[in-house]
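Undergrad: I'd like to ask you about the structure that follows.
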């Protein structure tokens, strides 16, 4: 009799567990709709982009590739009386350079940092642009590490296989030249005047940008 009662109770418990599990499965199926799955995937993707700088850089690079982020392709209106700008730089060899000494050349200064996803995203295009004009002595590409950490930024360039030199600031920037946003790229004409400024990532290896630079070189 006791065995029968125990067996009956055990069967009853198993049935309860079975129906409970079935109920939970039905609830789970109701939650796993197409819309809910998409929402979960979207949230996870956003978390990855926020937490992982490399993933964010990859996404931005995709935007650059399809032409959403474009560099300036024409100069700002600059009065002939506009004074030239001078920036004190430290060259890759450690020597100090005054940018005003480079008058007669077109300068492209890019302020960046190794931890900045947009900076990382646009760097391949800057490297291509650097190689495009490497043999033109009248155009100088100057990537400036905003953190002034030469060893870290040099290691970054080497690890990525870029040919870009690394410059740092050796003095304060002229007031109002750049904001706190990076990346920021400024273009200085042969007279030493800032003729274009761009904040954010862009494709500096586009044909339209090359045509713009070629025009500045002819001035």
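Numbering (full-length UniProt numbering), first residue to last: 1 to 219. Ideal Cβ positions, reconstructed from N, Cα and C, are used throughout, including at glycine. Since we're looking at a predicted model, the values are computed, not measured.
Within the chosen definition, does the region 122-134 reach the region 83-103 through at least 3 CB pairs nearer than 8 angstroms?
TA: no
Undergrad: My assumption, with CB atoms under 8 angstroms, is that residue 71 sits in contact with residue 204. Please give the rounded CB distance.
TA: 5 angstroms
Undergrad: Let's test the definition: count the other Cβ atoms within 10 Å of the Cβ of residue 44 and tell me whether it reaches 16, buried, or not, exposed.
TA: Confidence in residue 44 is poor, its pLDDT being 47 and thus under 50, which makes the residue's placement too unreliable to answer from.
Undergrad: Please classify residue 87: does DSSP put it in a helix, a strand, or coil?
TA: coil
Undergrad: In terms of residue numbering, what span does the alpha helix (DSSP H) encompassing residue 208 cover?
TA: Residues 207-218.
Undergrad: With H, G and I counted as helix, E and B as strand and the rest as coil, what does DSSP make of residue 95?
TA: DSSP places residue 95 in coil when its eight states are reduced to three.
Undergrad: When you compare only the Cα positions, how much space is there between residue 105 and residue 219?
TA: For the pair residue 105 and residue 219, the Cα-to-Cα distance works out to about 10 angstroms.
Undergrad: Taking 8 angstroms as the cut-off, decide whether the C-beta atoms of residue 155 and residue 111 are in contact.
TA: No, they are not a contact pair.
Undergrad: Rounded to the nearest angstrom, what separates residue 135 and residue 178 at their Cα positions?
TA: Computed Cα separation, rounded: 28 angstroms.
Undergrad: Please report whether the beta-carbon of residue 118 lies at a distance below 8 angstroms from any beta-carbon of chain D.
TA: Within the model displayed, chain D is absent; a lone protein chain is all it includes.
Undergrad: I'd like the span of the alpha helix (DSSP H) that includes residue 155, first residue to last.
TA: 150-160
Undergrad: In chain order, what are the residue ranges of uninterrupted beta strand (DSSP E) at least 3 long that sit wholly in the region 103-186?
TA: Assignment of beta strand (DSSP E) within the region 103-186, counting only whole runs of 3 or more residues, yields 106-112, 139-145 in chain order.
Undergrad: Whole angstroms are fine: how far does the CA of residue 167 sit from the CA of residue 144?
TA: 5 angstroms
Undergrad: DSSP three-state label for residue 199, please.
TA: strand
Undergrad: Residues in the same chain with beta-carbon distance under 8 angstroms from residue 40, minus the five sequence neighbours each way, listed in chain order, please.
TA: Note on residue 40: pLDDT 49, under 50, position unreliable in the model; the coordinate value appears next. No residues qualify anywhere along the chain.
Undergrad: Is residue 139 near residue 213, with beta carbons less than 8 angstroms apart?
TA: yes
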